[in-house]
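Residue numbering for the sequence shown follows this note's numbering, starting at 829 and increasing by one per position. For glycine and all other residues, C-beta sits at the position ideal for the given N, C-alpha and C. Read the structure below first, then the notes.
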Amino acid sequence: MNIEEHVYARPVREFCRRELILCSSDDFVQDAAAQMAQQGISSVIVCADGEPVGIFTDRDLRNKVVAVGGDAATLRAGAIMSHPLVVVRDEDFLFEAVYQMSRQGIHRVGVVDTAGRLCGMLTESDLIRVQTNSPQRLVRQLASAGSIADLKVIHHNINELTASLHQVRVPTHDLMRLISHLNDQIVQRLIDLLRQEKFSQLPAGFAFVALGSEGRGEQTLKTDQDNAMIYADDLSAAEVACLASFSEALIAALIEIGVPECPGGIMATNPFWRRSLTAWREEIDQWINLPDSESILHFCMFSDLRTLAGDPELEQAIKAHIAARTRQETLFLTRLAVQAGKFVPPLGLFGGFKVAKGGEHRGEIDLKTAGLFALTEGIRVLGLSIGLVGGGTPEKMAQLVAQGVLSHEQYQDLLASFNLLCQLRLQGQLEAITIGGDPSNYIAPRALNRVEQGRLHVTLEVVKSFETFIKARFRLDLVPG
């Protein structure tokens, strides 16, 4: 493990600059710019009533004053500053600061102490020495990628970066956020390239959405495509045909980059998964009114939708429809609850596990069916019962606690269990890639040390208890077998 890999697991306080240059929100832009020039810096923190409220950068000066003919002598810094100021804690891993810069598309973050007081600033230039293999570097490569071949290399490098960060124990939840973020960036850059090359007349009224774990932002390294398209009701036949052609080109390009097609055909190339807003509402109603196993599967996949490109208002319209339809649909929620409890955790006697007895995965357990499925689906149905649609599983857990659906103790146990299952799955996938294998959801409990085996057993006990909770809450004892 080289020094660069260690760096990401060190605290931000070791890298940030402690000298803070401040100005008032009432200061004239001209004075703030003069202060920046005098100090030889590219930004100042803007304060109001002694509290930091934003940041004034050389980019703000160029784009919001000079480029539009503004008067720097009369404009106030508070009127053109970038806000709010994005901050990280001084005790956070450096990885968190790098992730926030990449995600927000910014070049600096404020640093706060344990009391929440601003105590420093971390800039992109401070990170140059650790940029050999980092999220920031990949994002810059993405911005300049000019071909599918370039994107294919970057997609491969995501695995290498994930392995490096996993080695220094960056939390798995953060790694999943990073994987999803970088994969989002790849899709968005790919769409930019397709627009430039073939689809300059692409209509505005559409949303290309990620579904399933990608939609929840919970991807690991084993991921195929799960996506769909929503388009506005008022598009012409020619515009709808253009979107169909665009979907074909986009999905083919993703396959070429290295993102496998969905075996079940859940992709925007499939007319079933490419519909108008009204047609999607009608299909959702059909799923809810006639909840057979296929309808349940489709609903669960689609309700995790998240916009990757296009108009996010279409996504919001779908989510509002789902929330309005499902909250009081007792029968449908019951069917979802039954689905959540479909798989029994493979717990054996005396702290052991029920593993596969034969076949390719002999001696292994599938972490997805062993516990992850029960957690994500159980949290989904609880969320829908109070009007929560979409979002990540940990975030929904927190909202369920806030709404009194889960106790704080349940939340802590469920979150720890979810994180451990994701960690073990990612660890197994990285190990498979290292030896030239294909990543999967399977692990061999015997390959874990005694402590890890104990933690996994406790986790599956938590899953079992959660399934009992779901059964009681939705009165599944009254549902015919």
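Candidates the options, of which the one nearest residue i by Cα
i	options	result
residue 885	1066, 902, 1161 and 906	906
residue 849	1142, 975, 838 and 868	868
residue 1070	1030, 1059, 1304 and 1015	1030
residue 1291	1229, 1183, 1169 and 1113	1169
residue 1106	1266, 1146, 1086 and 1096	1146
residue 1138	1036, 894 and 1185	1036
residue 1215	1009, 1233 and 918	1233
residue 1172	1235, 1289 and 1238	1289
residue 853	877, 1020 and 1144	877
residue 1084	1015, 1058 and 1127	1015
residue 1199	1225, 1248, 1190 and 1238	1248
residue 1276	1266, 1293, 1295 and 1255	1255
residue 1057	1134, 997 and 1005	1134
residue 857	1125, 1186 and 891	891
residue 1225	1207, 842, 998 and 979	1207
residue 1141	1060, 1230 and 1258	1060
residue 924	841, 1002 and 935	1002
residue 843	872, 1192 and 936	936
residue 950	1235, 1008 and 870	870
residue 1273	1194, 1064 and 1087	1194
residue 835	903, 922 and 1010	922
residue 1005	1043, 1115, 1027 and 1186	1043
residue 942	933, 934 and 915	915
residue 1283	1184, 1175 and 1229	1175
Pairwise C-alpha distance: residue j and residue i
i	j	result
residue 1062	residue 1092	30 Å
residue 1251	residue 1180	20 Å
residue 1102	residue 1034	10 Å
residue 938	residue 1306	55 Å
residue 982	residue 988	10 Å
residue 866	residue 920	32 Å
residue 1045	residue 994	17 Å
residue 1021	residue 1220	29 Å
residue 1113	residue 1161	14 Å
residue 898	residue 860	15 Å
residue 1136	residue 948	34 Å
residue 1262	residue 990	12 Å
residue 1108	residue 1245	34 Å
residue 1317	residue 946	Residue 1317 lies beyond the stretch modelled for the chain, which goes from 829 to 1309, so this question has no answer here.
residue 901	residue 863	14 Å
residue 1303	residue 1238	19 Å
residue 894	residue 879	27 Å
residue 1041	residue 1025	30 Å
residue 911	residue 986	30 Å
residue 1122	residue 1205	15 Å
Endpoints, the alpha helix (DSSP H) within which residue i is located
i	result
residue 864	857-867
residue 1250	1236-1262
residue 1211	1201-1213
residue 972	963-972
residue 1017	1000-1025
residue 931	922-932
residue 938	Looking at the DSSP string, residue 938 is not in any alpha helix (DSSP H); the run it does join, the beta strand (DSSP E), is 936-940.
residue 1073	1065-1085
Residue i at chain D interface by Cβ criterion, 8 Å
i	result
residue 1151	Chain labels in this structure do not include chain D; a single protein chain is all it has.
Same chain, Cβ closer than 8 Å to residue i, five either side skipped, listed in chain order
i	result
residue 1196	1253 and 1269
residue 964	926, 929, 930, 952 and 955
residue 1212	1131, 1150, 1151, 1154, 1155, 1161 and 1164
residue 909	853, 874, 881, 882, 883, 884 and 888
residue 1018	976, 979, 1078, 1081, 1082 and 1085
residue 1242	1203, 1207, 1225, 1234, 1290 and 1294
Span of the beta strand (DSSP E) around residue i
i	result
residue 949	946-951
residue 875	871-876
residue 1059	1055-1059
residue 885	879-885
residue 844	Looking at the DSSP string, residue 844 is not in any beta strand (DSSP E), and its letter there is neither H nor E.
residue 1307	Element bounds for residue 1307: n/a, residue is neither H nor E.
residue 1035	1034-1038
residue 917	915-917
residue 828	The structure shown has nothing for residue 828, since the chain only spans 829 to 1309.
residue 1190	Run containing residue 1190: none; DSSP gives neither H nor E here.
residue 992	Looking at the DSSP string, residue 992 is not in any beta strand (DSSP E); the run it does join, the alpha helix (DSSP H), is 976-995.
residue 1102	1102-1104
Close Cβ partners of residue i (< 6 Å) along its chain, the five nearest in sequence each way excluded
i	result
residue 1285	1179
Nonlocal neighbours in the same chain, by C-beta distance under 7 Å from residue i, ignoring five residues either side
i	result
residue 1013	967 and 970
residue 1094	1039, 1054, 1101 and 1129
residue 1124	1163, 1164 and 1167
residue 1189	1270
residue 1009	930 and 931
Runs of beta strand (DSSP E) wholly within the stretch 1121-1168 (minimum 3 residues, chain order): 1134-1138
In chain order, each beta strand (DSSP E) run of at least 3 residues that lies wholly inside the stretch 1274-1300: none
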